[in-house]
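Chains as they are written, first to last, in this note's numbering: chain Z, 121 to 186; chain X, 10 to 229.
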């Protein structure tokens with residue numbers, strides 16, 4: 121999968137920023153009035169939720185899963 | 010998949026299909042590897058390796074898949090199967106819609122030189138391979154497949170089987186999914202399915218070999 125390291129999707133600061141931009145763009149397409157703000161809020165909410173779950177290692181799925 | 014990670018996925022999916030938009034982010038970032046693999050597999054099958062090498066577009070498609078579950082995942086049961094397995098066909102349709110098939114600029118200087126005399130590829134849908142595998146082991150499925158193939162064209166049989174399969178999987182918009190897969194309108198898909206069911210039921214009434222099919226919920 122050249123060009124994409126999905127294990128890093130949204131993890132590094134740069135990847136997170138790029139993904140946030142795309143997230144905001146899609147929220148805008150869905151009618152969000154403040155897509156950038158909404159994207160940041162949703163991402164923060166998701167990250168807080170994930171932090172409350174028992175930590176799991178970064179994606180290491182076997183090819184059988186896919 | 011490790012048990013705790015699987016439980017996390019179930020929790021994320023449960024909230025996502027209930028409409029919690031934040032879970033689009035959770036799914037994309039925590040399970041982007043799995044979703045990315047499925048997306049890339051479909052891109053490869055479409056010959057779109059150019060898109061695979063564009064990390065931004067693949068990431069965008071991963072987000073689109075997560076949004077698809079938000080909008081269409083109501084029938085998905087997080088405890089029953091992995092979301093990218095359950096949604097494999099709709100994900101294929103989504104990827105196809107977003108990127109299309111590889112196209113090449115027409116070279117006008119060579120356009121009149123008859124350099125391309127290849128017959129266009131057939132886009133007619135075919136019977137899903139999985140059906141033939143199941144039919145080999147399961148007499149009822151074999152009989153159904155035989156009946157379906159005997160009353161309709163290859164295309165109609167494929168559309169009917171795909172449509173009924175999507176219904177059985179709980180796809181909320183089966184006609185749209187099959188329409189995308191087969192290059193038809195959703196109304197055509199429903200019409201073909203109706204016609205095929207009617208013909209198979211008629212066959213089951215008039216031909217004793219197929220009488221057991223009359224009780225199948227598949228044809229209801």
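For glycine and all other residues, C-beta sits at the position ideal for the given N, C-alpha and C. What you are looking at is a predicted structure, and each value in this text was computed from that prediction instead of being measured.
Q) Do the CB positions of residue 48 of chain X and residue 21 of chain X come within less than 8 Å of each other? A) Going by beta carbons, residue 48 of chain X and residue 21 of chain X fall outside the 8 Å limit.
Q.
Could you give the first and the last residue of the continuous alpha helix (DSSP H) run that contains residue 158 of chain Z?
A. Residue 158 of chain Z: member of the alpha helix (DSSP H) spanning 155-172, first to last residue.
Q) From Z:173, Z:167 and Z:145, pick the residue whose C-alpha is nearest to that of residue 38 of chain X; which is it? A) Z:167
Q. In this structure, does DSSP put residue 70 of chain X in helix, strand or coil?
A. Helix.
Q.
Using beta carbons (cut-off 8 Å, strictly below), is residue 37 of chain X in contact with chain Z?
A. yes
Q. For the alpha helix (DSSP H) that residue 98 of chain X lies in, which residues bound it at each end?
A. 97-108
(Q) Please list, in chain order, the residues of the stretch 66-81 of chain X that have any C-beta partner in chain Z closer than 8 Å. (A) 67, 68, 69, 71, 72, 73 and 76
Q | Test item: CB-CB of residue 44 of chain X and residue 93 of chain X under 8 Å | A | yes
Q. In this structure, does DSSP put residue 194 of chain X in helix, strand or coil?
A. coil
Q | Contacts of residue 163 of chain Z in chain X (Cβ-Cβ under 7 Å) | A | 34
Q: Assess, as a yes-or-no matter, whether the stretch 155-172 of chain Z is touched by the stretch 26-37 of chain X under the definition of 3 or more beta carbon pairs within less than 8 Å.
A: yes
Q) Going by beta carbon distance, what residues of the same chain come within less than 8 Å of residue 156 of chain X, once the five residues before and after it are set aside? A) 209, 212, 213, 219 and 222
Q) Which residues in the same chain as residue 85 of chain X place their Cβ atom closer than 8 Å to its Cβ, once the five residues preceding and following it in sequence are excluded? A) For residue 85 of chain X, where only same-chain residues beyond five positions count, the Cβ hits under 8 Å are 22, 26, 78, 92, 95, 96 and 179.
**Q.** Backbone CA spacing between residue 173 of chain X and residue 202 of chain X [nearest angstrom]
**A.** 8 Å
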